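Counting from 7, one number per residue, gives the positions in the sequence shown under our numbering.
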Amino acid sequence: MPHDLRHIFEHVPSDTKYKCRVEYDATNIDIDFIPYINPRVNSLQVIVDDEINYDFKSADRSGLTDLFNRRKEADDIMIIKNGRITDSYFANLAFYDGIDWWTPKFPLLNGVKRQNLLDTGSIKEKDVFVDELGDFQTISLINAMNDLGDLTVSTSDVMV
7 MPHDLRHIFE HVPSDTKYKC RVEYDATNID IDFIPYINPR VNSLQVIVDD
57 EINYDFKSAD RSGLTDLFNR RKEADDIMII KNGRITDSYF ANLAFYDGID
107 WWTPKFPLLN GVKRQNLLDT GSIKEKDVFV DELGDFQTIS LINAMNDLGD
157 LTVSTSDVMV
């Protein structure tokens, strides 16, 4: 079902940052523009779940939301699966060691921004484990709305 999207974009104000949400199934497509407000993330709570699966972007985020709700006082979560750091609730992660940025080799979701940063050589992949957090200074939360370095948390603000 082809769509001419020009009529949709004509009505989106250009003075505000928006997130475009596309939901579809075999017969329908819904496109919404939602004003985007950068989240404030100053701390991360480590949450372990070896069963979580989020290989594909989905409107059903209930598994992630259940983990997020276990964050105690932290602003967001750092999900650990099979001993490896994966992602946060809403973003891929990158870790700065003073020289290079590293992203976990096995994220829950291989986000578009993460893949672009890998393709351009801005970040590199490797297994990252909680006991290695001291090897890094900063964590960047990256997604389509937040570039590398836009939203950062000190590794000292990770609650294990």
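The C-beta atom is built at its ideal place from N, Cα and C for all residues, glycine as well. The structure presented is a predicted model; accordingly, all values stated were derived computationally and were not measured.
*On the premise that N98 lies in contact with T109, defined as a C-beta separation below 8 Å, what is that separation, rounded to the nearest angstrom?*
6 Å
*Classify Y95 as buried or exposed, calling it buried when 16 or more other Cβ atoms lie within 10 Å of its own Cβ.*
buried
*Is DSSP giving K25 helix, strand or coil here?*
Strand, per DSSP.
*Buried or exposed (CB count within 10 angstroms, at least 16 for buried), P113*: Flag for P113 reads buried.
_Assigned secondary structure, L115 (DSSP; H/G/I helix, E/B strand, else coil)_ = coil
_Assigned exposure category for T92 - 16 Cβ within 10 Å defines buried_ = With 16 or more Cβ atoms within 10 Å of its Cβ, T92 is classed as buried.
*Of all the options V166, L147, D133, which has the alpha carbon lying nearest to the alpha carbon of V159?*
The shortest C-alpha separation from V159 is found at L147.
_Among the candidates N75, D163, D137, whose CA atom is the shortest distance from the CA of I145?_
Distances from the alpha-carbon of I145 to those of N75, D163, D137 put D163 closest.
*Assigned exposure category for T22 - 16 Cβ within 10 Å defines buried*: Looking at its Cβ environment, which holds fewer than 16 other Cβ atoms inside 10 Å, T22 is exposed.
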